[in-house]
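Heads up: the sequence shown runs through residues 601 to 875, numbered per my numbering.
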Amino acid sequence: MLAASQADALQMLAAGYSVREARAELGIVGTARREAMSGVQALLASPSVFFPRGASELQEALNRPLDLWRIFLHPSQRRIAYRETYSGPVRVTGGAGTGKTVVAVHRAYYLAGRLPAGSTRPVLVTTFVRTLADNLRSSLGSLAGSHGYGNIEVTTVAIGVAARMKKSVLAAISTLRDAGLDACDLERKSRGGVEVGTMHRMKGLEYRAMAVIDVSAASVPLRWAVTPVDADPKAHEQDTLRERCLLYVACTRARELLTVSWSGHASPFLSPFLS
């Protein structure tokens with residue numbers, strides 16, 4: 601019988617994938633060892649399996665900090681965490697205790713290591729549970745060691761607010777703060793509390809609850825952002841589609857709850873849902 605990692609690689613090669621494609625798909629980042637070794641030697645040398653060679657070595661392993669075991673990855677998890685790239689968003693599912701969190705920690709660490717030198721935009725790791733955020737920071741500290749993880753930001757994010765115009769964003773932040781709630785502008789480096797930003801800034805983010813505000817006829821689509829139809833029908837069509845896509849992006853940031861609000865007349869983009 602073959603180990604799962606070996607079987608997966610052979611199946612991909614048999615299916616017509618190149619060696620390079622198979623390595624990228626399975627997240628194989630190391631170089632192959634060319635020296636000959638027996639099957640037993642190869643098994644003992646595997647970084648994925650620990651075989652104590654005596655009671656003292658077993659005791660030494662058991663005496664190691666629990667944090668080191670908390671960041672251990674199974675080969676199937678490592679393929680997900682260290683895959684070079686994905687074609688789009690990825691959702692990792694599994695029951696409690698199956699290692700979803702440790703995969704997220706390793707993925708963040710891997711992506712942070714690929715950031716360009718001098719980058720000021722960190723990898724963002726978000727959770728809806730404050731205690732889990734503390735555990736994530738602890739695990740990242742164990743994984744990064746003395747190098748630290750300054751280019752990874754861990755925060756709790758539950759609520760987002762989006763608007764088409766900046767003035768609406770600032771008004772929302774002011775209103776939230778007046779109500780005694782923490783609120784921050786997505787354009788600033790500091791994060792936390794209710795996150796408020798323009799629809800453009802919402803790309804790539806996700807929140808448990810999302811409020812899209814000022815979706816009125818005067819704001820969405822934004823008039824000055826759309827070419828008049830009599831000036832250029834094709835440009836008008838493209839501009840209108842772009843505005844519709846912005847609203848779509850903002851609304852799909854919600855994971856569980858979405859509220860869309862407006863004053864006066866609603867955006868024409870909402871007509872199919874209001875009729």
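All residues carry an ideal CB built from backbone N, CA and C; glycine is no exception.
- Separation of A854 and S816 (C-alpha to C-alpha, rounded to the nearest whole angstrom) is 20 Å.
- Separation of the CB atoms of R764 and L786 is rounded to 14 Å, and the pair is thereby denied contact status at 8 Å.
- By the beta-carbon neighbour count (other beta carbons within 10 angstroms, threshold 16), Y848 is exposed.
- Each residue's CA atom was taken as its position, placing V690 and I671 some 21 Å apart.
- E843 sits buried, since 16 or more C-beta atoms from the chains shown fall within 10 Å of its C-beta.
- Counting only runs of at least 3 residues, the segment 692-762 fully encloses the following beta strand (DSSP E) elements, listed from N- to C-terminal order: 723-727, 752-756.
- Residue pairing from DSSP places T859 in a beta bridge opposite A811.
- If you draw a 10 Å sphere on the C-beta of A835, you find fewer than 16 other C-beta atoms in it, and that means exposed.
- Residue burial annotation: E837 is exposed, with fewer than 16 other C-beta atoms found within 10 angstroms of its C-beta.
- Per DSSP, the continuous beta strand (DSSP E) segment holding E795 begins and ends at 794-798.
- Per the coordinates, the alpha-carbon of T701 lies some 32 Å from the alpha-carbon of I773.
- Per DSSP, the unbroken beta strand (DSSP E) holding D785 starts and ends at 783-785.
- For V757 against Y807, the beta-carbon gap comes to about 6 Å, under 8 Å, which counts as contact.
- As DSSP reads the structure, S816 sits in a beta bridge with A866.
- When only Cα atoms are considered, S739 and W669 end up about 10 Å apart.
- Separation of the CB atoms of Y686 and Y749 is rounded to 22 Å, and the pair is thereby denied contact status at 8 Å.
- In the structure shown, A831 falls within a coil segment according to DSSP collapsed to helix, strand and coil.
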